[in-house]
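Below is one structure, written out as structure tokens; the observations come after it.
Number of protein chains: 2
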Amino acid sequence: MPPKPKTELERQQLRTLIIDAARELFISRGVDAVTMREIAKRIGYSATSIYLHFADKEALLRAICDTDFLALATSLKSILQTQNPVERMHAMGRGYAAFALTHPNHYRMMFMTERTPCDPAESSLQQNNAEQDAYFQLKSVVNDVHAAGYFRVDLHDADLIAQTIWAGMHGVCSLQINMSEDKWIEWSNISDRLQLMQEVMMRGLLREKI
Amino acid sequence: MPPKPKTELERQQLRTLIIDAARELFISRGVDAVTMREIAKRIGYSATSIYLHFADKEALLRAICDTDFLALATSLKSILQTQNPVERMHAMGRGYAAFALTHPNHYRMMFMTERTPCDPAESSLQQNNAEQDAYFQLKSVVNDVHAAGYFRVDLHDADLIAQTIWAGMHGVCSLQINMSEDKWIEWSNISDRLQLMQEVMMRGLLREKI
DNA sequence: TTGTTAATTTAACACCGTTAAGTAATTAAT
DNA sequence: ATTAATTACTTAACGGTGTTAAATTAACAA
Numbered sequence: 000m001p002p003k004p005k006t007e008l009e010r011q012q013l014r015t016l017i018i019d020a021a022r023e024l025f026i027s028r029g030v031d032a033v034t035m036r037e038i039a040k041r042i043g044y045s046a047t048s049i050y051l052h053f054a055d056k057e058a059l060l061r062a063i064c065d066t067d068f069l070a071l072a073t074s075l076k077s078i079l080q081t082q083n084p085v086e087r088m089h090a091m092g093r094g095y096a097a098f099a100l101t102h103p104n105h106y107r108m109m110f111m112t113e114r115t116p117c118d119p120a121e122s123s124l125q126q127n128n129a130e131q132d133a134y135f136q137l138k139s140v141v142n143d144v145h146a147a148g149y150f151r152v153d154l155h156d157a158d159l160i161a162q163t164i165w166a167g168m169h170g171v172c173s174l175q176i177n178m179s180e181d182k183w184i185e186w187s188n189i190s191d192r193l194q195l196m197q198e199v200m201m202r203g204l205l206r207e208k209i
Numbered sequence: 000m001p002p003k004p005k006t007e008l009e010r011q012q013l014r015t016l017i018i019d020a021a022r023e024l025f026i027s028r029g030v031d032a033v034t035m036r037e038i039a040k041r042i043g044y045s046a047t048s049i050y051l052h053f054a055d056k057e058a059l060l061r062a063i064c065d066t067d068f069l070a071l072a073t074s075l076k077s078i079l080q081t082q083n084p085v086e087r088m089h090a091m092g093r094g095y096a097a098f099a100l101t102h103p104n105h106y107r108m109m110f111m112t113e114r115t116p117c118d119p120a121e122s123s124l125q126q127n128n129a130e131q132d133a134y135f136q137l138k139s140v141v142n143d144v145h146a147a148g149y150f151r152v153d154l155h156d157a158d159l160i161a162q163t164i165w166a167g168m169h170g171v172c173s174l175q176i177n178m179s180e181d182k183w184i185e186w187s188n189i190s191d192r193l194q195l196m197q198e199v200m201m202r203g204l205l206r207e208k209i
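Top to bottom, those sequences are chains A and B.
Mapping to numbering that gives the first Met the number 0: the first sequence position 115 is 114, numbers consecutive.
Mapping to numbering that gives the first Met the number 0: the second sequence position 59 is 58, numbers consecutive.
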């Protein structure tokens, strides 16, 4: 409606307004099913206004991903308080799966669809920040478990271990999100699948009980 | 150019001609980046002709998926000859990953992108056919390992075990396909990740060595 | 020869992301 | 106070997509 000056803060607020509007639409529908025009309408602007704040749809999606990565890290933060490191690692897996399965369209956008690769330099998030970087959170837990001597003696590479745990949980979650309606497979309960994956990970990575 | 009668065989040949043209385009580019017009041009027809054989693009993609599912099962077939059941299960994992990573765009279409759910009744493939159904192949191997008494004693559900193994390999492969360019993560070697996942699966699912 | 039918194409529609051109409101300068 | 410049935004439009409707062409049948 009325134009003229706009503080940097106001511009930032409008940016996050757009991002949040889009994220809300993604709750019920996939990324491709939500148009720029619809996002704009939701906040009472015309579609072209979005291009004053984001270079293109892909840039908007990247910004939304950043917000969702932060949301994931935030939702995992309290779990880091768990005392026992092995139990903490277990709880991280549960928390990760809970996020994935309660925000399937967001998870799909974050981890399952082709996206221009994330450059940490251009991200609004801080790498290796325990409040913002979910991968760092996982790696920290892995390091703790390692420091406490719980891993098999031949396992030393924290990245490799973290990426394997991630892959295990991601495998279960992404198959659930993308394939659970597929009638070809007689799917077991998702909770059973999650639990067995966690058991397998633990047994596969940790030393024998002493 | 010249119309008139067309045998059922000719219609089927044209169908597979379209499918194969599209599959070839998918080798180098993602599904969304390949248009109906381009597929048609490749076989010298106009785009609308495709609609005489497939209801819409989604139907064509489903047919392509069927072809790719068959290609996967075919590529795994020889592995089923492996004598030792545990080694056979291990080799199946390697073969699956090899398929995924050498046909990333096809794999993405098959297992990572939203697709109208597969109804076995409408598929061109035969469920529980060892030459056509890759999931059945995996489940068979799982059953063999179970029959030979190699699994942990508390593991009985072949579907659950198969789906967990699948999820483990799918997790590594799909993260590789979708996220390996992401600079946020310091990725370990894909071969190391595949191998550790297999080790973890084995140690997690199999009984202790006797 | 004419009419009917099937295979295919051309033309066109609706929708999408995106860009160019316009519009209106505020500020600054004269 | 009038004018000019700048800024925020919108409307109009472009090119490309999946898809449909309307032609077009070729073979056969009467």
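Idealized CB from N, CA, C, for every residue including glycine.
On a predicted model such as this, the values are computed, not experimentally measured, just so you know.
- Its chain contains M168, Q197 as the residues whose beta carbon lies nearer than 6 Å to that of G92(A), once the 5 sequence neighbours on both sides are disregarded; these appear in chain order.
- When 9 Å is used as the limit between beta carbons, G29(B) is near these residues of chain A: E113, in chain order.
- Cβ contact annotation for E57(A) (same chain, cutoff 6 Å, sequence separation greater than five): T115, in chain order.
- With a beta-carbon spacing of about 7 Å, R107(B) and G29(B) fall inside the 8 Å limit used to define contacts.
- Separation of T34(B) and E180(A) (C-alpha to C-alpha, rounded to the nearest whole angstrom) is 27 Å.
- In this structure, the alpha-carbon of D65(A) lies about 10 Å from that of I18(A).
- F110(B) belongs to the set of residues whose beta carbon lies under 8 Å from a beta carbon in chain A.
- The alpha-carbon separation between A166(B) and I164(A) amounts to approximately 12 Å.
- Spanning the alpha carbons of N188(A) and P119(B) requires a straight line of approximately 20 Å.
- A check of alpha carbon separations from A62(A) across A133(A), T81(A), L124(A), L204(A) identifies L124(A) as the nearest.
- Between L60(B) and I49(B) the beta-carbon gap is near 12 Å, outside 8 Å, which marks them as no contact.
- Chain order gives no chain A residues near Q131(B), where near means a beta carbon separation below 7 Å; the closest approach is about 11 Å.
- Below the 8 Å Cβ cutoff, chain A contributes L159, Q162, T163, A166 as neighbours of R192(B), in chain order.
- Put simply, of I184(B), M200(B), Q12(B) the residue whose alpha carbon is nearest the alpha carbon of I160(B) is M200(B).
- In the three-state scheme derived from DSSP, where H, G and I count as helix and E and B as strand, L137(A) is classed as helix.
- Around the beta-carbon of H102(B), 16 or more other beta-carbon atoms lie within 10 Å, marking it buried.
- Between I42(B) and L16(B), the CB-CB gap stays under 8 Å.
- Listed along chain A, the residues sitting closer than 8 Å to E198(B) by beta-carbon distance are G203.
- In the three-state reduction of the DSSP assignment, F53(A) falls in the coil class.
- A buried status is given to R192(B), since no fewer than 16 other beta-carbon atoms sit within 10 Å of its beta-carbon.
- Membership of Y95(B) in the alpha helix (DSSP H) is indicated by the continuous run 84-101.
- When DSSP assignments are scanned along the segment 15-43 of chain B, no uninterrupted stretch of beta strand (DSSP E) that is 3 or more residues long falls wholly within it.
- Taking a C-beta distance under 8 Å as the contact criterion, N128(A) and F135(A) qualify as a contact pair.
- The alpha-carbon of H155(B) is positioned some 27 Å away from that of C117(B).
- Put simply, of E9(A), R36(A), L51(A), H52(A) the residue whose alpha carbon is nearest the alpha carbon of S45(A) is R36(A).
- About 5 Å separates the CB atoms of M111(A) and M111(B); that is less than 8 Å, so the two are in contact.
- Relative to S122(A), the option among R22(A), F68(A), I184(A) whose CA is nearest is F68(A).
- With respect to chain A, the C-beta atom of Y134(B) has a partner C-beta closer than 8 Å.
- Nearest C-alpha to A133(B) among A99(B), T73(B), V144(B): T73(B).
- Distances from the CA of W183(B) to each of Q162(A), M178(A), E185(A), L174(A) were compared; the closest alpha carbon is that of Q162(A).
- Under the 10 Å beta carbon count, Q11(A) is surrounded by fewer than 16 other beta carbons and is classified as exposed.
- The three-state reading of DSSP puts L205(B) in strand, counting E and B together.
- For the C-beta of K182(B), the chain A residues within less than 9 Å are, from N- to C-terminus, P116, C117, D118, P119, A120.
- Bounds of the alpha helix (DSSP H) holding C172(A) are 157-178.
- Residue environment analysis places G94(B) among the buried positions, since at least 16 neighbouring C-beta atoms fall within 10 angstroms of its C-beta.
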